[in-house]
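Trainee: So the sequence shown is numbered by my numbering: it starts at 56 and just counts up by one.
For every residue, glycine included, the Cβ atom is placed at its ideal position computed from N, Cα and C.
As the structure is a prediction and not an experimental result, all values here were calculated from the model.
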Amino acid sequence: MHTPAGKIGLSGNGVGGTNSPAEFDGAQVITGRFFGGDRQDFLAYYPGGAAAGYASIPGRR
């Protein structure tokens, strides 16, 4: 059984310098297990705007 994700990106990812959820505006999000662990990760990709071409995997601790 998988637990639904919650509060993803509450502190942003540093793209806009505001450390707020608004930093994900305009991003496309892809989920997967990018680090091979037992939890889902998510990748935020920015196809346009000020952060065009930038991608991040935020919140990984």
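Alanine 107 and leucine 98: beta carbons closer than 8 Å?
Mentor: For the purposes of this step, residue 107 is taken as the residue at position 52 of the sequence shown. For the purposes of this step, residue 98 is taken as the residue at position 43 of the sequence shown. Not closer than 8 Å, so no.
Trainee: Thinking C-alpha only, which one of Arg94, Ser75, Phe79, Phe89 is nearest alanine 105?
Mentor: Looking up residue 105 in the sequence shown gives position 50. For alanine 105, the nearest C-alpha among the options comes from Phe79.
Trainee: In chain order, what residues of the same chain have a beta carbon less than 7 Å from the beta carbon of serine 75, not counting five sequence neighbours either side?
Mentor: As a working note, residue 75 is residue 20 in the sequence shown. Cβ neighbours of serine 75 beyond the five flanking positions: Gly67.
Trainee: At which residue ranges does the region 57-99 contain complete beta strand (DSSP E) runs of 3 or more residues, listed in the order of the chain?
Mentor: Runs of the beta strand (DSSP E) inside the region 57-99: 83-87.
Trainee: Whole-angstrom Cβ separation of glycine 81 and glycine 103, contact assumed at under 8 Å?
Mentor: Numbered from its first residue, the sequence shown carries residue 81 at position 26. Numbered from its first residue, the sequence shown carries residue 103 at position 48. With 8 Å as the limit, glycine 81 and glycine 103 qualify as a contact, their Cβ atoms being about 7 Å apart.
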